[in-house]
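Residue numbers (my numbering): 2 to 219.
Note that the Cβ used here is the ideal one computed from N, Cα and C, for glycine as well.
Note that the structure is a prediction, hence the values are computed from the model and not measured.
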């Protein structure tokens with residue numbers, strides 16, 4: 002599945018019967034991480050991922066626009082010089098790249114350690130999410146994907162999958178969506194987000210999760 006948010010292309014693939022998840026998670030910890038590896042049981046729908054990515058990118062774009070207008074940098078702004086030291090990228094993120102920022106933003110307590118513990122892939126299934134900048138001249142690209150240039154997500158995953166013929170890759174939106182809805186761990190999410198008994202019995206999990214995460218940011 003692929004979609005765009007402004008100048009960022011997002012690619013999502015869901016793997017099941019996957020025996021190389023530990024290798025993917027280790028690769029995710031590097032500064033040049035190519036994707037986020039998320040436990041699909043913790044995601045009720047693709048709309049949750051799409052909404053959070055939109056908010057992450059919008060927040061950063063708004064900050065860059067304001068700073069360019071005001072020519073001011075506050076204490077919460079990170080400036081990263083590129084290899085040629087000719088351009089600067091201004092980030093309003095708490096982590097080093099958009100993939101780890103997504104995992105961080107999924108957690109209700111905004112704790113990066115707990116976020117990796119609660120939302121990272123487990124067992125033999127993983128929701129892989131990769132973001133890359135469409136405009137290679139845009140300096141934000143170094144913070145989305147600063148390695149594996151020109152490699153799409155399937156090609157990247159196949160590097161780990163050379164000896165595993167049983168792994169299943171789901172790439173169609175409808176197939177991924179159906180899997181998420183059928184396998185989401187409602188009880189675990191309700192416990193993590195501390196939803197009340199009333200909320201558990203009457204709510205839409207997707208709506209309540211997004212409402213909680215959105216309100217928390219303001």
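Three-state class that DSSP yields for residue i in the structure shown
{"i": "residue 222", "result": "Outside the displayed span of the chain (2 to 219) sits residue 222, for which this structure offers no information."}
{"i": "residue 168", "result": "coil"}
{"i": "residue 98", "result": "coil"}
{"i": "residue 23", "result": "helix"}
{"i": "residue 113", "result": "helix"}
{"i": "residue 185", "result": "coil"}
{"i": "residue 34", "result": "coil"}
{"i": "residue 18", "result": "coil"}
{"i": "residue 173", "result": "coil"}
{"i": "residue 50", "result": "helix"}
{"i": "residue 44", "result": "coil"}
DSSP beta-bridge partners of residue i
{"i": "residue 134", "result": "9"}
{"i": "residue 29", "result": "For residue 29, which the question treats as bridged, DSSP gives no partner whatsoever."}
{"i": "residue 4", "result": "11"}
{"i": "residue 58", "result": "Beta-bridge pairing links residue 58 to no other residue."}
{"i": "residue 123", "result": "126"}
Nearest to residue i (by Cα), restricted to the options the options
{"i": "residue 194", "options": "12, 14, 181 and 217", "result": "217"}
{"i": "residue 59", "options": "210, 5, 13 and 124", "result": "5"}
{"i": "residue 100", "options": "9, 164, 192 and 110", "result": "9"}
{"i": "residue 25", "options": "55, 121 and 212", "result": "121"}
{"i": "residue 36", "options": "154, 125 and 117", "result": "154"}
{"i": "residue 29", "options": "196, 209, 132 and 214", "result": "132"}
{"i": "residue 163", "options": "119, 14 and 19", "result": "19"}
Start-to-end residues for the beta strand (DSSP E) that takes in residue i
{"i": "residue 39", "result": "37-39"}
CB-CB length for residue i against residue j, believed under 8 Å
{"i": "residue 129", "j": "residue 158", "result": "7 Å"}
{"i": "residue 44", "j": "residue 185", "result": "7 Å"}
{"i": "residue 98", "j": "residue 34", "result": "6 Å"}
{"i": "residue 22", "j": "residue 127", "result": "5 Å"}
{"i": "residue 178", "j": "residue 46", "result": "6 Å"}
{"i": "residue 102", "j": "residue 50", "result": "Contact doesn't hold; Cβ gap of about 12 Å is too wide."}
{"i": "residue 15", "j": "residue 171", "result": "4 Å"}
Span of the alpha helix (DSSP H), counted from its first residue to its last, around residue i
{"i": "residue 207", "result": "206-217"}
{"i": "residue 156", "result": "154-159"}
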